[in-house]
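Below is one structure; the comments refer to it alone.
2 protein chains.
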Amino acid sequence: MAGMARISTTSDVFSAIAEPKRRVILEKLLVEQMSVTDLVDALQWTQPMVSKHLKVLKEVKLVAETKVGRFHYYRAQPDELRPIQDWIHRFEKYWGGALENLDSYLTDIKSRGDARE
Amino acid sequence: MAGMARISTTSDVFSAIAEPKRRVILEKLLVEQMSVTDLVDALQWTQPMVSKHLKVLKEVKLVAETKVGRFHYYRAQPDELRPIQDWIHRFEKYWGGALENLDSYLTDIKSRGDARE
DNA sequence: CCATCATATTCCTTTATGGGAATATGTCAA
DNA sequence: TTGACATATTCCCATAAAGGAATATGATGG
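Quick mapping for you: the protein sequence lines, in order, are chains A and B.
Every number in the numbering used here is 1 more than the matching position in the first sequence, counting from 1.
Every number in the numbering used here is 1 more than the matching position in the second sequence, counting from 1.
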């Protein structure tokens with residue numbers, strides 16, 4: 002065995018969102034629950050492509066599935082992005098522009114407040 | 002041409018941090034500037050491996066390089082993580098537990114305040 | 001100038017994985 | 001039941017990219 006490739010990443014959230022198409026899917030599913038066909042129609046991708054990406058997202062729990070008859074409805078599970086958020090938080094305090102940061106905090110708080118209503 | 006592989010991702014910040022070893026390097030470089038040899042010693046990886054990962058990180062500007070004689074000092078450029086942070090922010094407001102969120106905001110603000118001192 | 005240290009690069013192999021096409025599986029409606 | 005619809009899966013190909021080993025390049029000190 003000469004060359005070992007990268008670690009299997011299909012079970013890693015960081016890798017799951019490294020794929021641009023999967024980010025697009027997540028953005029869609031954050032707004033509303035959608036079936037595979039809904040996504041195919043909205044994104045104009047092939048159905049197997051959508052299903053395959055959904056499978057990866059499901060494996061890392063970034064999406065959840067509800068089956069209703071022959072329809073499989075998928076929805077985003079944003080909580081699962083927290084490990085990434087937590088990791089990035091460690092770097093955040095070193096970002097430039099303290100004042101600018103403060104602004105973003107306030108915006109942050111405001112948006113969370115909105116979400117509660 | 003039958004199968005097309007994924008988009009070249011070496012120029013994408015999301016992909017850059019999808020690799021666990023690169024995250025480790027970034028964590029190291031956040032604390033202090035280090036030369037390649039410093040990293041080799043600290044991480045016990047081979048020198049080419051360290052150099053290769055640094056190259057990827059440098060391409061996406063997650064690290065910056067300062068050459069001093071034969072030493073190349075690298076440092077993290079945490080600002081470049083903002084695109085990821087921004088993307089995740091769009092999901093954050095949908096996280097469960099509003100109260101819990103508020104707590105993390107306060108912690109967030111506090112840590113930023115600490116960083117300013 | 002040259003031996004040595006510091007780093008980068010090249011060559012090679014292997015694995016992961018995305019996309020296409022075809023097909024399988026599952027479910028409903030008439 | 002059966003045909004049509006919804007989704008998943010399989011097979012195949014092409015490519016990105018990680019790790020190892022060897023080597024090239026760069027810079028210093030003596």
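Where a beta carbon is used, it is the ideal one built from N, C-alpha and C, also for glycine.
- Within the same chain, Cβ atoms closer than 6 Å to the Cβ of tyrosine 74 of chain B are found at Gln34, Ser36 and Thr67, the five residues on either side in sequence being excluded.
- Proximity to alanine 43 of chain A across A/Lys22, A/Val14, A/Lys94 and A/Glu93 peaks at A/Lys22, based on C-alpha coordinates.
- Not a single C-beta of chain A is nearer than 8 Å to the C-beta of glycine 70 of chain B.
- Against serine 12 of chain A, chain B offers no close residue; the least beta-carbon distance is about 12 Å (beta-carbon pairs closer than 8 Å).
- Using beta-carbon distances, proline 49 of chain B does not count as an interface residue toward chain A, since no partner is under 8 Å.
- Taken in chain order, the complete beta strand (DSSP E) segments of 3 or more residues contained in the segment 10–98 of chain A are 64–69 and 72–77.
- Flagged as an interface residue toward chain B: glutamate 93 of chain A, by a C-beta distance shorter than 8 Å.
- When Cβ-Cβ separations below 8 Å define contact, serine 52 of chain A makes no contact with chain B.
- Spanning the alpha carbons of lysine 29 of chain A and arginine 91 of chain B requires a straight line of approximately 12 Å.
- Interface with chain A (8 Å Cβ-Cβ cutoff): glutamine 34 of chain B is excluded.
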